[in-house]
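Note that the protein sequences, when read in sequence, are chains A and B.
Going by my numbering, the letters in the first sequence line up with residues 1 to 257, in that order.
Going by my numbering, the letters in the second sequence line up with residues 1001 to 1234, in that order.
Note that the Cβ used here is the ideal one computed from N, Cα and C, for glycine as well.
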Amino acid sequence: MNQPLFSVTNLSKKFGKTIACDDISFDLWPGEILGIVGESGSGKTTLLRSIAGLIKPDQATISYQGKNNKLLNIDQMDEPKLRHLQRTEWAFVHQHPRDGLRMNVSAGANIGERLMANGWRHYDDIRKEAIKWLEAVEIDAKRIDDLPRTFSGGMQQRLQIARNLVTNPRLIFMDEPTGGLDVSVQARLLDLLRGLVRDLGLSAIIVTHDLAVARLLSNRLMVMKDGQVIEHGLTDQVLEDPQAAYSQLLVSSILQV
Amino acid sequence: MPILQIKNLHKKFTLHAQNGAVLNVLNGINLQVKAGEIAALCGPSGAGKSSLLKAIYGTYRIDDGDIKIKTTKQKTINIAKAEPRQIMNLRRDVIGYVSQFLRVIPRIGALDIVAEPAIMQGMSPDQAHSIALDLLDQLRIPQKLHNLSPLTFSGGEQQRVNIARAMAAPRPLMLFDEPTASLDPQNRQTVLELIAQLRDQGTAILGIFHDPADRNFLQARDIHLSAVKEPEHV
Chain A
1 MNQPLFSVTN LSKKFGKTIA CDDISFDLWP GEILGIVGES GSGKTTLLRS
51 IAGLIKPDQA TISYQGKNNK LLNIDQMDEP KLRHLQRTEW AFVHQHPRDG
101 LRMNVSAGAN IGERLMANGW RHYDDIRKEA IKWLEAVEID AKRIDDLPRT
151 FSGGMQQRLQ IARNLVTNPR LIFMDEPTGG LDVSVQARLL DLLRGLVRDL
201 GLSAIIVTHD LAVARLLSNR LMVMKDGQVI EHGLTDQVLE DPQAAYSQLL
251 VSSILQV
Chain B
1001 MPILQIKNLH KKFTLHAQNG AVLNVLNGIN LQVKAGEIAA LCGPSGAGKS
1051 SLLKAIYGTY RIDDGDIKIK TTKQKTINIA KAEPRQIMNL RRDVIGYVSQ
1101 FLRVIPRIGA LDIVAEPAIM QGMSPDQAHS IALDLLDQLR IPQKLHNLSP
1151 LTFSGGEQQR VNIARAMAAP RPLMLFDEPT ASLDPQNRQT VLELIAQLRD
1201 QGTAILGIFH DPADRNFLQA RDIHLSAVKE PEHV
């Protein structure tokens, strides 16, 4: 494909006087995983939520190459169409599973709900697909009728990923997907995410403050500070040959084990 | 046209945390490597040998000069000016790099790690796994380790997994950073033979081999890099 899958031009967003995102532009190509790194308050989550259509930027041109090669202008899309896109071709994995799951319905229903929204009707098919996805994210199928609140944090996060991937999205947005998890659980989730991204041919934009996570998951990195992208490039370029003073500081602050 | 052609390459590091100290690592490098040839980078520690390999692989950004790579489609791409996704494609199809360190996601077994680059090139998983299995056997990684994460392996075993991973998906230009450094004599010989095999199949090879005996065995053409200048303050 000779066109970016997703293209953002001149995105800006202010909260009152605070500039969260200042004139940001970038392209994402099919099959790419882009990591956005930076410390708390750098604007990375605002950027992610803006491009995924969860909040409205003050200014931006955002285009997305939809299925059937249809170029869609996200910034001018009406609400119902955008919601439809978010439920079908896109997925959003929240940092806190409770923001992305329905805690008062069963694990199976959390997955099945997405399928029903995509036109699935037969109970048996839905249940079978839900079991397949529970297993794909390494949750025991026996837990299908349990409520997510009886799950550990790591299991909840994996359930959220299953709920998001079950509809076969083409583009997935992730906000600190491994934040708040034990290191051993993190490794398992990273392995799972990378395998899924590779096997399903997904493209992804991942916000993280953890450079080790970014290194293992992403092909490209953008470093943000004070609402601006101060450096971008291949992941190994940014981590091994950082140019900006701030990126150098960030990279040299990684703890060695 | 050689597969790799470097002209007047300059690379410096600016260390912002140290009052902007500038380290000139590569100062006007010129070299070329042809298909079916092994070239060895020589020079004292700190002469910039590893940095040069990283510049060719696109990990280090380049301040001045050209690194031209002949791609499979009879075209050339200049790494110094290439877009990230062009470099990603080059790494998949044209340039292989064997570093001294294995960097992998925890929990993935050695066999899958070795097979992965071949699968990315479009080989069927079954075929890639059988090639991976064969290479791990040749490099004496015991079968009982094949499904374990190499992060638990010894240094020499990790290095052999790294080499197997590159060999499973040979690309027209292969870069080796001290591939025999932590190997016992038997495995060292096997690795050298595998590298010589690549050359005989027409691969262009650029590497760092500290032991003159290795360079001799490989009939490598030596390329000397002189020591780096002292840091300058701007």
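Cross-chain neighbours of A/Q237 in chain B, by beta carbon under 9 Å
In chain order: G1058, T1059, Y1060, R1061, P1084, I1087.
B/S1147 in three-state terms, based on DSSP
The question names Ser, yet the displayed sequence has Asn at residue 1147 of chain B. Here B/N1147 sits in coil by DSSP.
From the DSSP output, in three-state form, read off A/L171 for me.
Strand at A/L171.
Thinking C-alpha only, which one of A/G108, A/H122, A/Q160, A/Q157 is nearest A/L141?
It should be pointed out that residue 141 of chain A corresponds to Ala in this sequence rather than to Leu. Each of A/G108, A/H122, A/Q160, A/Q157 was checked against the Cα of A/A141, and the nearest Cα belongs to A/G108.
Contacts of B/I1105 in chain A (Cβ-Cβ under 8 Å):
In chain order, A187, L190, D191, R194, L216 make up the part of chain A whose C-beta sits under 8 Å from the C-beta of B/I1105.
Here's a check: name, in chain order, each residue in its chain whose Cβ is nearer than 8 Å to the Cβ of A/E138, leaving out the five neighbours to either side.
Taking A/E138 as the centre and dropping the five residues before and after it, the same chain places the C-beta of R158, R188, L192 closer than 8 Å to its C-beta, in chain order.
Any beta-carbon of chain A closer than 8 Å to the one on B/I1038?
Contacts with chain A at 8 Å (Cβ-Cβ) do not include B/I1038.
8 Å is my cut-off, CB to CB: does B/A1035 come that close to chain A?
No, B/A1035 does not count as interfacial toward chain A.
Is there a C-beta anywhere in chain A that falls below 8 Å from the one on B/I1108?
Chain A contact via Cβ: present.
Which residue's Cα is closest to the Cα of B/Q1032: B/P1002, B/V1025, B/T1190?
With distances taken between Cα atoms, B/Q1032 lies closest to B/P1002.
Between B/A1080 and the rest of its own chain, which residues show a CB-CB distance below 7 Å, the 5 nearest in sequence each way excluded?
Around B/A1080: I1062, G1065, D1066, I1067.
Using the DSSP secondary-structure output, state which residues sit across from A/M224 in a beta bridge.
A/V229.
Which same chain residues end up closer than 7 Å to B/I1141 when comparing Cβ atoms and leaving out the 5 residues on each side of it in sequence?
So the list reads A1110, E1157, R1160, V1161, once near-sequence residues are dropped.
Using a beta-carbon distance below 8 Å, is A/A245 in contact with chain B?
So, interface residue.
When you compare each of A/N164, A/L171, A/A212, A/I172 to A/L190 by their alpha carbons, which one comes out closest?
For the residues A/N164, A/L171, A/A212, A/I172, the minimum Cα distance to A/L190 belongs to A/A212.
Our contact map puts A/L5 next to A/S203 with C-beta atoms below 8 Å; I'd like the distance itself, whole angstroms only.
Contact holds; Cβ gap of about 5 Å.
A/G154 classed as buried or exposed, judged by whether at least 16 other C-beta atoms fall within 10 angstroms:
Classification for A/G154: buried.
Using a Cβ-Cβ distance cut-off of 8 Å, determine whether A/S252 contacts chain B.
Interface with chain B (8 Å Cβ-Cβ cutoff): A/S252 is included.
Is any beta-carbon of chain B found at less than 8 Å from that of A/E135?
Chain B contact via Cβ: absent.
Under three-state DSSP, which class holds B/V1022?
Judged by DSSP in its simplified three-state form, B/V1022 adopts strand.
Rounded to the nearest angstrom, how far is the Cβ of A/T45 from that of A/T9, given a contact under 8 Å?
Contact check for A/T45 and A/T9: beta-carbon distance about 20 Å, past the 8 Å limit, so the pair fails to qualify.
Neighbour flag for A/H29 against chain B, beta carbons, 8 Å
A small correction: the amino acid at residue 29 of chain A is Trp; His does not occupy that position in the sequence shown. It does: the Cβ of A/W29 has a partner Cβ on chain B nearer than 8 Å.
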